[in-house]
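These notes concern the structure reproduced below.
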Amino acid sequence: MAKDREEIEAFKSSLSITQVAGHLGYKVVHGKIRCPYFMRHAHGDRTPSVSLSESKGLFNCWVCPDVHGDVIHLVEISKNCSFLEAIEWLQNEFALSFRIEPSKIPRERPLSPAFTDARKAKPAPEVDPVLKARVVLSFFEMLSVIEDTPAAKWLVKRRIFKKTWQMMRLRTIVDYDKVNRGLLEKFGKETLQLVGLFNENGNLKYYKHPLLFPYLDTKVVPRYFQARAIDSSIVPKELNLKGVVPFPYNVSVLDGNPGWVYLCEGVVDTLTLLDRGFCAVGIPGVKSFKPEWASLFRNKRVILCLDQDEAGRSGTELVQEYLKNLGIEAVPLGSGITAESFKMAEGQDINEWFGGKK
Ligand SMILES: [Zn+2]
Numbered sequence: 143m144a145k146d147r148e149e150i151e152a153f154k155s156s157l158s159i160t161q162v163a164g165h166l167g168y169k170v171v172h173g174k175i176r177c178p179y180f181m182r183h184a185h186g187d188r189t190p191s192v193s194l195s196e197s198k199g200l201f202n203c204w205v206c207p208d209v210h211g212d213v214i215h216l217v218e219i220s221k222n223c224s225f226l227e228a229i230e231w232l233q234n235e236f237a238l239s240f241r242i243e244p245s246k247i248p249r250e251r252p253l254s255p256a257f258t259d260a261r262k263a264k265p266a267p268e269v270d271p272v273l274k275a276r277v278v279l280s281f282f283e284m285l286s287v288i289e290d291t292p293a294a295k296w297l298v299k300r301r302i303f304k305k306t307w308q309m310m311r312l313r314t315i316v317d318y319d320k321v322n323r324g325l326l327e328k329f330g331k332e333t334l335q336l337v338g339l340f341n342e343n344g345n346l347k348y349y350k351h352p353l354l355f356p357y358l359d360t361k362v363v364p365r366y367f368q369a370r371a372i373d374s375s376i377v378p379k380e381l382n383l384k385g386v387v388p389f390p391y392n393v394s395v396l397d398g399n400p401g402w403v404y405l406c407e408g409v410v411d412t413l414t415l416l417d418r419g420f421c422a423v424g425i426p427g428v429k430s431f432k433p434e435w436a437s438l439f440r441n442k443r444v445i446l447c448l449d450q451d452e453a454g455r456s457g458t459e460l461v462q463e464y465l466k467n468l469g470i471e472a473v474p475l476g477s478g479i480t481a482e483s484f485k486m487a488e489g490q491d492i493n494e495w496f497g498g499k500k
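If you're matching positions, the sequence shown starts at 143 in the working numbering and goes up one per residue.
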């Protein structure tokens, strides 16, 4: 570890993030504070969304994808100051016994995995979107249909059946080596790494994630995908293709015609509702609804079916806010026009609610 980084880590561990948050003017309730960007939240984040971890010295907003980090970063975003100014403020305000020697204070945040400030991260090399589209399409052409594979068993256990696999063009990797070689021959390692299909070792990433969910555009062409592990011991259970998610899952449902649509968290929940004949659309994760997607929902009445947990409820509030700004009606499942009895139990998701087994 570089000397300056070591100093910073030691400095941070001499601080209590809860105490610092209090000193910054936040009211800490049950280890949570109101989001520094409360204006992005429904009701100004009246029910605080930012968790503090005293043991790890980190904070994380359940709604804003860019609001998380260490105690120094909390000061930076709360006081809208630089990394260096944040350290100076902390040293002055806390008159700490531990002080960084002035010569060792870096001018800028040292780069390390612990510092994931997107604003300061190096931009990834650009990949030609036409080439990326071609790679994704070729990849899907090399994959196998679900029938009679371990992926089929996995889906049936979750009560997602054949007509839905076919309709949504789900695919699986049966012969990993063959797909790996096929892609290498066609595009070469560099391109595949740039697009994000191959790892640093020059191999296809989805050795442990053989179930592929394509994001089909309105012409039913796969433009993006998520890969899912079917062995429950694999973490993470899903891998996203790197780069921007271009549109919600099953975007074809958002056709501008009047009607109901059920918005789910994740592809598995979306497939669950589709299997039962609902008009469903999915966002990849609870925090991944993009403000620019709101206009796609015009003329729709939206029932929000995110998980019944803290993160799901925060996500629901945020999506509601984005949609309401455009005058689009959106209610959580189990409230408003949907009957109270349609409310999921605490901790449940749509798939479990419909009897899917993990
Ligand atoms: Zn927030």
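All C-beta atoms in this analysis are idealised placements derived from N, C-alpha and C, irrespective of residue type, glycine included.
Between the beta-carbon of I372 and that of P292 there is about 6 angstroms, and that keeps the pair under the 8 angstroms contact cut. Every unbroken stretch of the alpha helix (DSSP H) spanning 4 or more residues and falling wholly within the stretch 429-491 is given here in chain order: 452-467. For Q450, the closest alpha carbon among the candidates E488, V473, S437 is that of E488. Here the C-alpha atom of Q335 lies approximately 11 angstroms from the C-alpha atom of L383.
V386 sits exposed, since fewer than 16 C-beta atoms from the chains shown fall within 10 Å of its C-beta. DSSP links Q368 through a beta bridge to F355, N382. For D491, the closest of F484, E471, L448 by C-alpha to C-alpha distance is L448.
Judged by the Cβ position, Y464 fails to qualify as a neighbour of ligand 1 at the 7 angstroms threshold, every heavy atom of the ligand being at least this far. Going by C-alpha positions, H165 is about 18 angstroms away from F180.
For G424, the secondary structure class from DSSP, reduced to helix, strand or coil, is strand.
Taking 7 angstroms as the cut-off, the C-beta of R182 counts as close to a heavy atom of ligand 1.
DSSP, reduced to helix, strand and coil, places H183 outside both helices and strands of the structure shown, so it counts as coil.
Relative to ligand 1, even the nearest heavy atom lies 7 angstroms or more away from the CB of Y348.
The closest CA to that of G173, considering only H183, H185, V395, T189, is found on T189.
Per DSSP, the continuous beta strand (DSSP E) segment holding V403 begins and ends at 401-407. Taking C-beta atoms under 8 angstroms as the contact rule, R313 and L354 qualify, at a distance of about 5 angstroms. If you check the C-beta of C177 against ligand 1, you find a heavy atom less than 7 angstroms away.
By the Cβ criterion, the stretch 182-199 is in contact with the stretch 454-463, since at least three pairs of Cβ atoms, one from each stretch, lie closer than 8 angstroms. Look at the stretch 311-344 and you find these whole runs of alpha helix (DSSP H), each 4 residues long or longer: 318-329, 331-337.
Each residue's CA atom was taken as its position, placing P433 and C206 some 12 angstroms apart.
DSSP lists L200 as the beta-bridge partner residues of D212. Per the coordinates, the alpha-carbon of K169 lies some 47 angstroms from the alpha-carbon of M310.
Taking C-beta atoms as the reference points, W204 and S430 fail to come closer than 8 angstroms.
Check the Cα spacing between F236 and each of K350, H215, V162, I288: the tightest is with V162. When the beta-carbon positions are compared, Y391 and T360 stay at least 8 angstroms from each other. In this structure, P364 and L438 do not form a Cβ contact; the two beta carbons are roughly 18 angstroms apart against a cut-off of 8 angstroms. Taking 8 angstroms as the cut-off, the beta carbon of I315 is found closer than this to the beta carbon of L285. The beta carbon of L157 lies closer than 8 angstroms to those of G199, V213, L232, F236, L238 in the same chain, with the five residues before and after it left out.
T333 sits close to L273, with the two beta carbons spaced by under 8 angstroms. If you draw a 10 Å sphere on the C-beta of V277, you find 16 or more other C-beta atoms in it, and that means buried. Judged by DSSP secondary structure, V377 falls outside any beta strand (DSSP E); it is assigned neither H nor E. Ligand 1 never approaches S430 closely enough for any of its heavy atoms to be under 7 angstroms from the residue's Cβ. Under the DSSP definition of a beta bridge, I175 partners with V192. For S195, the CB stays at least 7 angstroms from every heavy atom of ligand 1.
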